[in-house]
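Inspection log for the structure reproduced underneath, given as structure tokens.
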Amino acid sequence: MNLEPRREDAVEDPNAPQGVLTTSAATEALARELYWAASPIPEHGTAQLAGDPADLVRRWSELEATLRRDSSVHLPQDEPFFRGGGSLKRWIKRTMFRALRPLTRRYDRIDADLALLGIETSRELALARQDNVALTMQLQEMRSVLQEFGSTLEARVSPPSLMTQQELPPLGDVVLELGAGANPHPRATIHHDRIVHSDRIDVAHDLTSFPWPWADASVDAVIAIDVFEHLKDVDVQTWLDECWRILVPGGLLVMRLP
């Protein structure tokens with residue numbers, strides 16, 4: 060870029076040889092400033108701006124701050140260069156406009172791209188929030204269903220202990236556990252959270268076959284937890300009479316039906 064002033068715009072230096080035109084130091088500084096302020100666009104076309112949005116915003120902010128700082132510098136109006144002819148001023152204005160116009164266009168385009176990026180990001184965040192709210196509601200509903208199911212299951216599998224309903228008297232020394240099977244702690248279903256020793260199966264007998272192999276008044280307590288409903292073709296009165304037969308007078312019969 061050649062910024063040499065025309066002959067009519069040159070200033071005659073009194074110290075220079077006669078007939079030699081020269082320019083002041085301010086004029087040369089202005090020429091250098093205008094040269095280095097040219098738009099950083101390569102000769103082969105528009106450069107592509109690379110980097111992520113955050114880096115792009117940072118770089119553009121630095122460039123904008125530099126342009127604002129440079130444009131805020133007041134030029135010395137009393138310099139002979141600025142008192143020259145109007146044709147040079149118009150030429151400088153046209154040159155600066157042509158040099159800075161692509162840069163301002165890029166600024167507008169980048170500003171529009173950043174605005175579009177912000178809109179798209181806001182939409183994505185809004186959709187993500189909606190999905191999060193919907194997922195939270197589904198999880199809360201599922202949790203409520205599981206809690207209700209768990210309460211129902213707990214009530215069916217682990218019914219309230221008899222000890223919470225009434226205090227049981229001492230069972231005595233001889234306790235008959237009907238239908239205990241291989242459960243190591245049969246009476247734990249009655250005495251909640253209490254470890255009760257058991258010798259497992261002592262006698263194997265069909266409870267629907269009468270009489271049972273126990274003598275009259277030979278046991279102090281009979282325990283039948285969830286047993287009776289599994290017996291087929293058995294008369295209720297006959298079964299209860301057999302329990303009373305083997306119990307001592309005043310003995311205890313503990314039964315539970317689902």
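Convert by adding 59 to the 1-based position in the sequence shown; the result is the number in my numbering.
For each residue, glycine too, the CB sits at the ideal point set by N, CA and C.
Around the beta carbon of L175, a 10 Å sphere encloses fewer than 16 other beta carbons of the protein chains shown; the residue is thus reported as exposed.
Checking the DSSP bridge columns, you'll see L235 partnered with V281. No Cβ-Cβ contact shorter than 7 Å links F269 with E236.
When rounded, the separation of the alpha-carbon atoms in V313 and F208 is 29 Å. Taking a C-beta distance under 7 Å as the contact criterion, L316 and A280 do not qualify as a contact pair. With respect to the 7 Å criterion, V204 and G238 are not classified as neighbours on the basis of their beta carbons.
Residue pairing by DSSP places V313 opposite I282 in a beta bridge. Cβ-Cβ separation between L306 and A276: approximately 7 Å, consistent with a contact (criterion under 8 Å). The Cβ atoms of V234 and T267 do not sit closer than 7 Å to each other. Spanning the alpha carbons of A124 and R117 requires a straight line of approximately 11 Å. Going by DSSP, V295 is part of the alpha helix (DSSP H) stretching over V295 to I305. Its chain contains no residue whose beta carbon lies nearer than 8 Å to that of S181 once the 5 sequence neighbours on both sides are disregarded.
Put simply, the backbone Cα of T195 is about 59 Å away from that of M155.
V278 is classed as buried because its beta carbon has at least 16 other beta carbons within 10 Å across all chains shown. In summary, I178 is exposed, with fewer than 16 beta-carbon neighbours lying within 10 Å of its beta-carbon over all protein chains present.
Relative to S120, the option among L173, R153 and W150 whose CA is nearest is L173.
Rounded to the nearest whole angstrom, the C-alpha separation of G309 and K291 is 29 Å.
Taken atom to atom, the span from the alpha-carbon of W303 to that of H264 is near 18 Å.
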